[in-house]
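Only one structure is covered here, and it is reproduced in the block below.
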Amino acid sequence: KAGVTQTPRYLIKTRGQQVTLSCSPISGHRSVSWYQQTPGQGLQFLFEYFSETQRNKGNFPGRFSGRQFSNSRSEMNVSTLELGDSALYLCASSEGRVSYEQYFGPGTRLTVT
Amino acid sequence: QKEVEQDPGPLSVPEGAIVSLNCTYSNSAFQYFMWYRQYSRKGPELLMYTYSSGNKEDGRFTAQVDKSSKYISLFIRDSQPSDSATYLCAMSRFTDGTASKLTFGTGTRLQVTL
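For the protein sequence lines, the chains are D and X, in the order given.
First residue of the first sequence? That's -3 in the working numbering, and the numbers climb one at a time after it.
First residue of the second sequence? That's 6 in the working numbering, and the numbers climb one at a time after it.
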């Protein structure tokens, strides 16, 4: 089975712009979770989608949003980018409803200038 | 205080050594415990997952969970240079129909030398 794929792998944006990141889960997996990884804060949970519904949400501002499509692919959007949004954004997919067994993609490296 | 504490290292060991990696946590509600390995510029790779207390073995890796002490460990036997990476512990609890919110430790950087 192919693993989790994320596009694009690298992205450079300017403060105030918005960005959309894409994630394709492992075939058959219905849950997609998003994380932000920074040197200072480590890996932090953003949100989880299951069957096109957001089931769980972390402590991030409303500028961070996401959605999931009927084929389980997911996108996350960050509006009004700030310098502090520079990070590695990781997507993880899970097969079961409980969704603790998560398999990560390679991530999208976002740099905000 | 962070919910999950992990020594950042670096931890340097000779090839063939037994490696012990540990995490402590403060939230007694955590039920699921995972270990990930992350190579530089890559996404985390799931190594082991366990539910509640006890031991689980998979090849050279053994995961231990002691819920009474709020302490989890990962042991790597016969360590190899290819094991050099950052090891992250993660844990979650079941709430609102899901246990998807993983809380991670900061990671321990391991270097296995020849």
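Where a beta carbon is used, it is the ideal one built from N, C-alpha and C, also for glycine.
Just so we're clear, the structure is a prediction, and the values are computed from it rather than from any experiment.
- A straight line joining the alpha-carbon of L52/X with that of C28/X spans about 15 Å.
- Chain-order list of chain X residues neighbouring S29/D: S105, by C-beta distance under 7 Å.
- Residues of the region 62 to 96 of chain D with a C-beta atom less than 9 Å from some C-beta of chain X are L84, L86, C87, A88, S90, R93, V94, S95, Y96, listed in chain order.
- For P49/X, the closest Cβ of chain D is nearer than 8 Å.
- By the Cβ rule, the region 9 to 23 of chain X does not count as touching the region 74 to 92 of chain D, because fewer than three pairs are nearer than 8 Å.
- Following the DSSP letters along the chain, one finds I81/X inside the beta strand (DSSP E) bounded by residues 76 to 81.
- In terms of beta-carbon proximity, E44/D lines the interface with chain X, with at least one pair separated by less than 8 Å.
- From the listed residues E50/X, F99/X, A22/X, the smallest Cα separation to T91/X is found for E50/X.
- For Q43/X, the beta-bridge partners assigned by DSSP are T91/X.
- Measuring C-alpha to C-alpha distances from S82/D to each of T3/D, V15/D, Q98/D, Q2/D identifies V15/D as the nearest.
- Inter-segment contact for the region 25 to 35 of chain D and the region 2 to 14 of chain D is absent: fewer than three beta-carbon pairs are separated by less than 8 Å.
- With respect to the 8 Å criterion, G58/D and L42/D are not classified as neighbours on the basis of their beta carbons.
- At a cut-off of 8 Å, the C-beta of G112/X has a neighbouring C-beta in chain D.
- In the DSSP annotation of this structure, the continuous segment of the beta strand (DSSP E) that includes T16/D starts and ends at 15 to 20.
- Chain D places a beta carbon closer than 8 Å to that of G102/X, counting this residue as a contact.
- Residue state for L79/D is assigned as helix, using DSSP reduced to three classes.
- Sorting F56/D, L79/D, E78/D, E48/D by C-alpha distance to the C-alpha of Q64/D places E48/D at the top.
- The C-alpha of E91/D lies about 32 Å from the C-alpha of Q6/X.
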